[in-house]
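Presented below is the structure to which this report refers.
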Amino acid sequence: MAFDEEDTEAENLKPETSGQKRNEGNAAFSKKKDADALRLYTEAMFSAKPYTDEGKKDIALALANRSAVLIKMAKYEKCLEDIEMAMEFGYPENIRYKLLDRQAKCLAKLGRVSESVQSYNRVVLALKQSNLDADKQEKWKKDTQNEVKGLQGKPDNPVKAPVTKKSPVMEKPNPKIPQFSDCVQLIYKEKLGRYGIATRDIEAGELLMIDTSVTHHLLNATR
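As numbered in numbering that gives the first Met the number 0, residues 0 to 222 make up the sequence shown, in order.
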């Protein structure tokens, strides 16, 4: 879906900014409303403008905050995915040590001990880029070293991810975006936004995309 930058109707709607959505997510998270926080951080991510530096930072912050909810919910694989994407979108260097610490904890929970130790070592290095004073840096360093000591001697024992059934109707999924068919390429243009184009002729009735909804609920009549 593309939007006209000069759409006055859209201007009159005045949608909440990514930062506002993120703040609402923070408030929900502090009240232990994890499902609401998860939704709001997701909305914050999609409210950002990925073609600007500020927008990329907003996306990174939303992803990082969402990863905090996911680790609390013990969804470690999804948490790691958000952490990786937050890094790719340029999560701020001065607070990156927190994200690396979360990454290390997820990896440890998944039995990926050697990778967890590597992440903890990166935490120590990242502290040098932080705005923490010397005492706080030293405390973080000691806590991190204690975490590493607790992992010493433990073998790698990766938790096997549950096998997910591939869609029986999506015969050739896109290797980069498995929700799409391989005949669809996702591209981005500043004035048009993100959209898909066909890379070959498409047969009548051919399935192009399978995806799950961000949220869902029962209709009033069926509750």
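Yeah, the Cβ is synthetic: ideal placement off N, Cα and C, and Gly gets one too.
Does the Cβ-Cβ distance between Ser66 and Ser46 come in under 8 Å? no
Do Tyr90 and Ala63 have their CB atoms nearer than 8 Å? yes
Would you identify the three-state DSSP class for Thr16, choosing helix, strand or coil? coil
Once you ignore the five residues that flank Lys104 on each side, which residues in its own chain have a CB closer than 7 Å to its CB? Ile70
Which residue's Cα is closest to the Cα of Gly255: Thr51, Pro49, Val68? Given a span of 0 to 222 for the chain in the structure shown, any question on residue 255 remains unanswerable.
Ordered along the chain, which non-local residues of its own chain (more than five positions away) have a Cβ less than 8 Å from that of Asp134? Only residues of its own chain outside the window of five on either side were considered, and among them none has a CB closer than 8 Å to the CB of Asp134.
Tell me, which residues are paired with Val183 by DSSP? Ala197
Tell me Gly192's beta-bridge partners as DSSP assigns them. Lys188
Whole-angstrom distance between Met169 and Lys153, CA atom to CA atom: 41 Å
Can you tell which of Leu106, Met72, Leu207 has its C-alpha closest to the C-alpha of Glu83? Leu106
Can you name the residues that DSSP bridges to Met208? Paired residue(s): Phe179.
Counterpart residues of Pro172 in DSSP-defined beta bridges: Ser180
Taking one C-beta from the region 183-202 and one from the region 136-148 each time, how about it: are there three or more such pairs within less than 8 Å? Output reads no: the region 136-148 does not touch the region 183-202.
Taking just the CA atoms, how far does Leu60 sit from Arg21? 8 Å
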